[in-house]
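Participant: Under our numbering, the first residue of the sequence shown carries the number 929, and numbering increases by one thereafter. The structure's right below; bear with me while I get my questions together.
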Amino acid sequence: MARYHNYYVYICCNRLRTVLYVGVTNDLDVRMTQHLYESDNHINSFCGRYKCHHLIYWEYYRSIHAAILREKQIKRWSRKKKEELIGCQNPNWEFIKTSDY
């Protein structure tokens, strides 16, 4: 039997919006804080190296299976297709504050 909780597929970027990172989490607040910590402390991770801690896109799911499938789908996309997806929800690519979702 599938268990349902809160899951998010998200895209974050660096300050200049030149690097994109796609991820999945069950707590967007905590995960974005982790990305910020990795960036500030030069942790050897993708987000730490490229300072990707600015949230610019997210989707909500109740099933981890559905969220992971979507994350994998988006990760396979070209940069252009990811940009189009972000633009549908966030046309100006504004950084989303955790209180905004």
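Positions of the beta carbon are idealized from the N, C-alpha and C atoms, including for glycine. Note that the structure is a prediction, hence the values are computed from the model and not measured.
#1: If you follow the beta strand (DSSP E) that ILE1024 is part of, which residue opens it and which one closes it?
#2: Evaluate LEU944 with the Cβ neighbour count: other Cβ atoms within 10 Å of its Cβ, from every protein chain shown; 16 or more gives buried, anything less gives exposed.
#3: Could you work out which residue in LEU1013, ASP968, THR946 is closest to VAL937 when comparing CA atoms only?
#4: Taking DSSP as the reference, what is the three-state secondary structure of VAL958?
#5: Just to confirm the assignment: which complete alpha helix (DSSP H) runs, minimum length 4, are found wholly within the segment 940–985?
#6: Would you kindly work out how many angstroms separate the C-alpha atoms of THR946 and CYS940, rounded to a whole number?
#7: So HIS993 is in the alpha helix (DSSP H); what residue range does that whole segment cover?
Facilitator: Well, looking at it:
#1: Per DSSP, ILE1024 belongs to no beta strand (DSSP E) and is neither H nor E.
#2: exposed
#3: LEU1013
#4: helix
#5: 956–968, 974–978
#6: 11 Å
#7: 992–1004
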